[in-house]
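Residue 337 in the UniProt record's numbering sits at position 337 of the sequence shown; the count goes up by one each step and never skips. Glycine included, each C-beta is placed from N, C-alpha and C at the ideal position. Have a look at the structure below, then the notes.
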Amino acid sequence: MELTEEQAAVRDVVREFAREEIEPTALEADRDQRFPEDVWDGLADLDLTGLTVPEDYGGYDADPVTAAVVNEEVAYGMLAVATALSVHSLATSCIAEFGSEDQRERWLPEMAAGRPVGAFALSEPHAGSNPAEMSTEARRDSAEETSADPREAEASREGDEYVIDGEKQWITNGERAGVYVLFAKTDRDDPDSVTQFLVPGDADGLTVGEKEDKLGLRASDTTSLTFDGVRIPAENRLTEEGNGLSAAFHILTGGRIAIAAQSVGLARRALEEAMAYSQERDQFGGPIADIQTIQHKLAEMATRTRAARLLTRDAAQKRAAGGAALEASMAKYFASEAAMFVTNEAVQIHGGYGYVTEGEVERLYRDAKITEIYEGTTEIQKTVIARELLD
1 MELTEEQAAV
11 RDVVREFARE
21 EIEPTALEAD
31 RDQRFPEDVW
41 DGLADLDLTG
51 LTVPEDYGGY
61 DADPVTAAVV
71 NEEVAYGMLA
81 VATALSVHSL
91 ATSCIAEFGS
101 EDQRERWLPE
111 MAAGRPVGAF
121 ALSEPHAGSN
131 PAEMSTEARR
141 DSAEETSADP
151 REAEASREGD
161 EYVIDGEKQW
171 ITNGERAGVY
181 VLFAKTDRDD
191 PDSVTQFLVP
201 GDADGLTVGE
211 KEDKLGLRAS
221 DTTSLTFDGV
231 RIPAENRLTE
241 EGNGLSAAFH
251 ILTGGRIAIA
261 AQSVGLARRA
271 LEEAMAYSQE
281 RDQFGGPIAD
291 IQTIQHKLAE
301 MATRTRAARL
311 LTRDAAQKRA
321 AGGAALEASM
331 AKYFASEAAM
341 FVTNEAVQIH
351 GGYGYVTEGE
361 VERLYRDAKI
371 TEIYEGTTEI
381 QKTVIARELL
391 D
């Protein structure tokens, strides 16, 4: 589980950036519900917005372990920034793995440089944990369908389009995004027709909803998307019709490892805050760190954080070898619950000071909850784990 020299060097650079550039902005960004764009530009300067982009298109092309390390360190500074980065990376991964050469050349170099920001539009108001129930439809509107003359149809094939109608929900980078990787059915009544598309952020008929007022992750813009007769050229289709869900599940395996790594970073930050406070806070004639009850809390917090990192690194290594569905779900399930446990204990150790918004641990506690929900709830992860074991 030891990092290579190169991976350790990346960790050190990102750790310094997180401490010096991300962490100082966290409380204000959370309070103002404002994403720190200057931090995003700093990530781009470090080539991290091209984390999953191949080198041929200007990206960093990080291996899964390095990507996990980056996610952990960025989340240590602020989970909202790490979430924005991981969703952007989901979008670039979709284009890199499933896009045509023209699509890669068109989108990836600029996305690797940080703009446009990518978003991943899968969830819907009535289709979250089971995306096969989505109702968003992309209807082919082509010469093949509208012309009785085959020669005329062939001559105008370049004008083929898809017309998209529907709604998406819980879209990270929803307001900031310049391109959406959209999942829609080509036949609304066929759950096997889900297909992947690229929709520019300025497409006519696309409406971005108001930012959600969330419990945590408040600096991250989470919105709905409404598609009302949005027309995109057929060349913006990423996968063959009907291959969208399998592509989504493949990409989300990497996304779950990223969330696990972010949970580790969050837990590590909460542990460090609790350790520091326990040595500063005097009660009963000395620092509370001398009290066995507090020591036991710190011991369990540290153990769960370490175990979560090991599970995450193991999943990343399996991902590099080509697998990891089981390991990714184990890591995401355990690490997200560890983050929730550790941040809760950090609040408890801080007492009343942990409950007010002037300190860090209150924000960490609110942020931790989302790790048990997005990119597959804890319950879904357990279902995946059981299915993999029984298969």
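Using alpha carbons as the reference points, say which of the options lies closest to residue i.
{"i": "residue 139", "options": "237, 164, 130 and 120", "result": "164"}
{"i": "residue 60", "options": "166, 10 and 303", "result": "10"}
{"i": "residue 24", "options": "374, 373, 8 and 81", "result": "81"}
{"i": "residue 413", "options": "328, 353, 51 and 338", "result": "Because the chain spans 1 through 391 in this model, residue 413 falls outside it and cannot be assessed."}
{"i": "residue 280", "options": "349, 302 and 293", "result": "349"}
{"i": "residue 341", "options": "270, 232 and 250", "result": "270"}
{"i": "residue 239", "options": "230, 103 and 20", "result": "103"}
{"i": "residue 361", "options": "268, 303, 285 and 322", "result": "268"}
{"i": "residue 199", "options": "289, 95 and 134", "result": "95"}
{"i": "residue 53", "options": "16, 260, 97 and 13", "result": "97"}
{"i": "residue 74", "options": "211, 300, 169 and 266", "result": "266"}
{"i": "residue 40", "options": "255, 114, 389 and 182", "result": "114"}
{"i": "residue 250", "options": "14, 322, 262 and 371", "result": "322"}
{"i": "residue 209", "options": "262, 169 and 245", "result": "169"}
{"i": "residue 182", "options": "126, 127, 190 and 119", "result": "119"}
Within a Cβ cutoff of 7 Å, which residues of the same chain sit near residue i, ignoring the five residues on either side of it in sequence?
{"i": "residue 158", "result": "Its pLDDT being 49, under 50, residue 158 is placed unreliably by the model, and nothing is read from it."}
{"i": "residue 176", "result": "35, 117 and 221"}
{"i": "residue 264", "result": "72, 305, 308, 309, 312 and 335"}
{"i": "residue 427", "result": "This structure cannot speak to residue 427, because the chain is shown only from 1 to 391."}
{"i": "residue 1", "result": "310 and 313"}
{"i": "residue 15", "result": "73"}
{"i": "residue 353", "result": "359"}
Looking only at its own chain, which residues have a Cβ that is under 6 Å from the Cβ of residue i, when we skip the five neighbours before and after it?
{"i": "residue 145", "result": "Interpretation of residue 145 is limited by its pLDDT of 49, a score under 50 that renders its predicted location unreliable; no figure is taken from the coordinates."}
{"i": "residue 387", "result": "none"}
{"i": "residue 142", "result": "160"}
{"i": "residue 218", "result": "30 and 33"}
{"i": "residue 343", "result": "270, 364, 365 and 368"}
{"i": "residue 63", "result": "320"}
{"i": "residue 329", "result": "381, 384 and 385"}
{"i": "residue 241", "result": "186 and 195"}
{"i": "residue 301", "result": "271, 342 and 345"}
{"i": "residue 212", "result": "222"}
{"i": "residue 191", "result": "132"}
Leaving out the 5 sequence neighbours to the left and right, which residues in its chain are closer than 8 Å to residue i when beta-carbon positions are compared?
{"i": "residue 110", "result": "116"}
{"i": "residue 150", "result": "Residue confidence is low: residue 150 scores 49 on pLDDT, short of 50, so the model does not pin down where it sits. Its coordinate-derived value is still stated next. Same-chain partners within the cutoff: there are none."}
{"i": "residue 363", "result": "26, 27, 30, 216 and 357"}
{"i": "residue 377", "result": "129"}
{"i": "residue 391", "result": "none"}
{"i": "residue 291", "result": "283 and 284"}
{"i": "residue 231", "result": "141, 161, 162, 163, 164, 203, 204 and 205"}
{"i": "residue 333", "result": "378, 381, 382 and 385"}
{"i": "residue 278", "result": "287, 288, 289, 294, 298 and 349"}
What span of residues does the beta strand (DSSP E) with residue i cover, start to end?
{"i": "residue 294", "result": "Per DSSP, residue 294 belongs to no beta strand (DSSP E); it is in the alpha helix (DSSP H), 292-320."}
Compute every distance between the C-beta of residue i and the non-hydrogen atoms of the ligand MG, then say whether any falls below 7 Å.
{"i": "residue 330", "result": "As presented, the structure is devoid of all ligands, the ligand MG included, so that no description of it is given."}
Quick one: give me the first and last residue of the alpha helix (DSSP H) that residue i is part of.
{"i": "residue 272", "result": "244-280"}
{"i": "residue 74", "result": "64-77"}
{"i": "residue 109", "result": "101-112"}
{"i": "residue 343", "result": "325-350"}
{"i": "residue 367", "result": "360-370"}
{"i": "residue 373", "result": "No alpha helix (DSSP H) holds residue 373; DSSP gives it neither H nor E."}
{"i": "residue 13", "result": "5-17"}
{"i": "residue 28", "result": "26-32"}
{"i": "residue 53", "result": "Unbroken run through residue 53: none, as it is neither H nor E."}
{"i": "residue 21", "result": "Element bounds for residue 21: n/a, residue is neither H nor E."}
{"i": "residue 39", "result": "37-45"}
So, residue i versus residue j, is the Cβ gap smaller than 8 Å?
{"i": "residue 162", "j": "residue 234", "result": "yes"}
{"i": "residue 326", "j": "residue 380", "result": "no"}
{"i": "residue 76", "j": "residue 121", "result": "no"}
{"i": "residue 237", "j": "residue 195", "result": "yes"}
{"i": "residue 51", "j": "residue 89", "result": "yes"}
{"i": "residue 112", "j": "residue 58", "result": "yes"}
{"i": "residue 92", "j": "residue 7", "result": "no"}
{"i": "residue 83", "j": "residue 172", "result": "yes"}
{"i": "residue 229", "j": "residue 201", "result": "no"}
{"i": "residue 188", "j": "residue 137", "result": "yes"}
{"i": "residue 85", "j": "residue 46", "result": "no"}
{"i": "residue 346", "j": "residue 258", "result": "no"}
{"i": "residue 253", "j": "residue 331", "result": "no"}
{"i": "residue 167", "j": "residue 124", "result": "yes"}
{"i": "residue 225", "j": "residue 286", "result": "no"}
{"i": "residue 316", "j": "residue 68", "result": "yes"}
{"i": "residue 255", "j": "residue 372", "result": "no"}
Check whether the Cβ of residue i lies closer than 8 Å to any Cβ atom in chain C.
{"i": "residue 264", "result": "The structure shown has no chain C; it contains just one protein chain."}
Whole runs of the beta strand (DSSP E) within the UniProt domain "Acyl-CoA oxidase/dehydrogenase middle" (119-230), excluding any shorter than 3 residues:
137-141, 161-172, 177-185, 194-200 and 206-208
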